[in-house]
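Report on the following structure.
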Amino acid sequence: MVTMVCTGNAARSVMAALLLRDRLGDDGPVEVASAGTLVLPGHPMSTRTRAALARHGLADPHHRSRQLELADVHRSSLLLVMEPSHIHWMQRRLPEALPIACSLKR
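Residues in the sequence shown are numbered from 4 upward in steps of one, following the numbering used here.
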């Protein structure tokens, strides 16, 4: 599994996960998930994210924000974070994630 990680799991990681799923196809070889480092759990994606995805024919009406947890680390082969501050968060809060975490290039 590849888990996309941002701060609130309402915009960047959600969009990145949907775009990657779209590229890999429904029968793709990799499961894709998303999570956040500082989440208000259970919130839908942002309206701006929903609108941007809709322009590309993508949607996930069932998405609800969720916190990155140790179980995600154990299920994932790769954690792709949106910015270096997410790696810093992992250093402090979830160091087990560091061996499989990397930052997307801006």
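We put the CB at the ideal spot given by N, CA and C, even for glycine.
- T6: member of the beta strand (DSSP E) spanning V5 to C9, first to last residue.
- In chain order, V76, L82 and M93 place their CB closer than 7 angstroms to the CB of A100, counting only its own chain and leaving out the 5 sequence neighbours on each side.
- Our two residues, L21 and R51, have alpha carbons roughly 15 angstroms apart in a direct line.
- In the structure shown, A14 falls within a coil segment according to DSSP collapsed to helix, strand and coil.
- For S37, the enclosing beta strand (DSSP E) begins and ends at V35 to G39.
- Straight across, the Cα-Cα distance linking G45 with L56 is about 20 angstroms.
- In summary, A104 is buried, with 16 or more beta-carbon neighbours lying within 10 Å of its beta-carbon over all protein chains present.
- DSSP places A74 within a helical segment (H, G or I) once states are collapsed to three.
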